[in-house]
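Worksheet: the structure to be examined is printed underneath.
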Amino acid sequence: MIAIGLLSALAFWAGPSHAADAGFSRFVASLWPEAEAVGVSRETFDRETRALEPDYGLPDLVLPGRPETGAPRQPEFVRPPADYINEAQIARLAGDGRRLLGAHRAALEGVEARFGVPATMVLAIWGRETDFGRSPERYDGLRVVATQAYVGRRKDQYRREFVLALKLLETGAVTRKAFRASWAGATGLTQFLPSEYFSHGVDFDGDGRIDIWRSVPDALASAAKQLADKGWQPGLRWAWEVRPPARADCTLGVPEMRRTVGAWLDAGYAPVGGRIPTATERTEAASLLQPEGIYGPSFLTTKNYFVIKEYNFSDLYVLFVGHLADRMLSPQRFATPWSATGQLKTASVEEMQRHLTRLGHYRDKVDGKAGMLTRAALGAYQKSAGLTVDCWPSEAVLGSLRLAR
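Going by my numbering, the sequence shown opens with residue 14, and the numbers climb by one from there.
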């Protein structure tokens with residue numbers, strides 16, 4: 014009886030898997046016209062897809078009849094800021110970055126002259142993305158984008174990425190063996206999606222090919238071009254750390270609330286850490302960012318902050334990269350330490366967002382991410398409910414929201 018039960022269970026799980034794989038094969042085959050349209054040959058298409066299988070262990074998948082796979086969230090939303098912006102890691106990468114500034118001086122000077130992006134900033138991206146090339150990606154890039162196109166949360170986006178991944182292989186930009194990627198399909202030293210390779214890739218070393226996997230000049234120039242193409246303003250800082258005035262309103266910390274740097278300073282937001290905006294910089298527009306609500310550091314963020322955020326849509330990613338770039342030139346840490354705030358689980362933040370939506374405080378998507386808009390909406394609710402306004406998600410505030418009418 015035990016043996017029969019076990020065989021039945023195995024059959025139950027094996028059946029849907031085989032059916033799903035057959036569906037995957039049909040799906041991949043259906044993409045041939047799109048691949049052909051971008052220049053992929055039938056030979057390449059058949060060779061690369063013949064034995065292609067989905068990877069249902071990836072995060073960010075929606076599998077019918079099964080629970081969501083993993084946590085499809087940026088690390089910012091599942092770890093407290095102090096864990097993400099780790100001082101020991103920042104210090105180590107900054108030391109490496111200073112050495113690389115010398116080792117790649119000619120290329121970095123050329124990249125900065127051509128694209129207007131500081132050498133330290135592109136080095137910081139390289140350091141954050143792949144530990145200066147020391148952290149190889151673990152996934153088969155083509156398999157990742159094919160799986161995400163089939164059952165991912167962003168199918169339409171990855172359908173295009175899969176087709177362009179085949180084009181990468183068709184053109185010889187990378188071999189299938191070397192095409193390793195993150196679970197989200199980003200590849201190379203500075204982590205590009207296939208579409209980003211074709212939009213922003215640069216042959217900076219002049220060897221006739223764009224090689225973001227092995228050529229440091231190509232990878233750094235491509236990262237700089239992506240920032241430049243997305244609106245990088247040469248000569249403008251990414252952010253200033255500030256100390257808010259007493260009784261500052263944390264609900265102002267949204268991208269839409271833009272004032273000149275000078276207006277923020279005049280309102281009592283005092284620069285800390287030794288970086289004082291110049292007269293010209295005081296005329297630039299900036300938004301307030303408080304990643305831990307009223308706890309931890311506060312920042313005035315410029316246009317360039319949001320350009321970096323287009324490279325990776327995470328506030329803590331931008332803070333990590335921007336701070337790492339600064340630390341290559343100065344040992345100054347953030348003046349205000351990160352607090353010991355705990356981080357709610359994704360499901361709890363999603364519940365909080367639904368309550369805030371119901372009460373009219375939140376109008377963005379319910380995604381479990383305690384980002385700028387969620388924190389500001391939370392602060393607005395705290396104001397209306399007569400609670401302490403700290404713009405930070407906690408179990409206590411979630412409990413209050415559950416009872417709110």
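For each residue, glycine too, the CB sits at the ideal point set by N, CA and C. Bear in mind the structure is a predicted one, so any value in this text is a computation, not a measurement.
Beta bridge counterpart(s) of residue i as assigned by DSSP
i    : result
S311 : V255
L121 : Answer is none; L121 lacks a bridge partner.
E305 : Y308
S300 : R271, T314
P284 : V255
Y152 : A194
F205 : T200
Classification of residue i by the beta-carbon crowding that lies within 10 angstroms, buried from 16 upward
i    : result
F8   : Nothing about residue 8 can be read from this structure; the chain reaches only from 14 to 418.
Q246 : exposed
V51  : exposed
M365 : buried
P207 : buried
S148 : exposed
I321 : buried
K168 : exposed
E56  : exposed
T143 : buried
G281 : exposed
P85  : Residue placement at P85 is flagged as unreliable, the pLDDT there being 48, under the threshold of 50; the coordinate-derived value follows with that caveat. By the neighbour-count rule (16 or more Cβ atoms within 10 Å), P85 is buried.
E4   : With the chain covering 14 to 418 only, the question about residue 4 has no answer from this structure.
A35  : exposed
A283 : exposed
G18  : Annotation note: pLDDT 43 at G18 (below 50); position unreliable, coordinate value reported separately. With fewer than 16 Cβ atoms within 10 Å of its Cβ, G18 is classed as exposed.
A186 : buried
G426 : The chain is shown only over 14 to 418; residue 426 falls outside these bounds and no answer can be derived.
G83  : Confidence is the limiting factor: at G83 the pLDDT is only 48, short of 50, which leaves the residue's position unreliable, though a coordinate-based value still follows. With fewer than 16 Cβ atoms within 10 Å of its Cβ, G83 is classed as exposed.
S43  : exposed
P258 : exposed
V410 : buried
Closest Cα partner of residue i within the set the options
i    : options                : result
A48  : F37, T62, A35          : T62
S343 : D73, V53, A104, T291   : A104
M385 : L76, E56, L301, Y318   : L301
N99  : P67, F347, A232, W226  : F347
Q204 : D220, V229, K190       : V229
G381 : G70, R92, T57          : R92
V402 : L71, E56, Q303, W251   : Q303
P77  : G309, R166, A298, P258 : R166
G154 : P268, P257, R189       : R189
A299 : Q395, P268, V285, T160 : P268
L181 : R222, F217, V362       : R222
L357 : R141, A383, S43, V334  : A383
F319 : A261, D242, R260       : D242
V130 : G219, A259, W251       : W251
E209 : D218, Q170, R367       : Q170
A360 : V379, A178, T349       : V379
Y94  : F192, H117, W351, T200 : Per the sequence shown, residue 94 should be read as Pro rather than Tyr. Nearest C-alpha to P94: W351.
Cβ separation of residue i and residue j, assumed to be a contact under 8 Å, to the nearest whole Å
i    : j    : result
T314 : L249 : So it is not a contact: roughly 11 Å between Cβ atoms.
V124 : L233 : 6 Å
A4   : A389 : Absent from the structure is residue 4, since the part of the chain shown begins at 14 and ends at 418.
V255 : A194 : Going by Cβ atoms, the distance from V255 to A194 rounds to 38 Å, so no, they are not a contact pair.
C263 : G373 : Actually they are not in contact, since the Cβ atoms of C263 and G373 sit about 19 Å apart, beyond 8 Å.
Y308 : T354 : 5 Å
V274 : R295 : 5 Å
Beta carbon of residue i nearer than 8 Å to that of residue j
i    : j    : result
Y330 : Q239 : no
M270 : L136 : no
V53  : E183 : yes
L113 : L337 : no
S212 : I225 : no
A162 : R172 : yes
A197 : F175 : no
H368 : L414 : yes
D109 : F58  : no
Any non-hydrogen atom of the ligand PLP closer than 7 Å to residue i Cβ
i    : result
L182 : Annotation note on the ligand PLP: not contained in the displayed structure, which lists no ligands.
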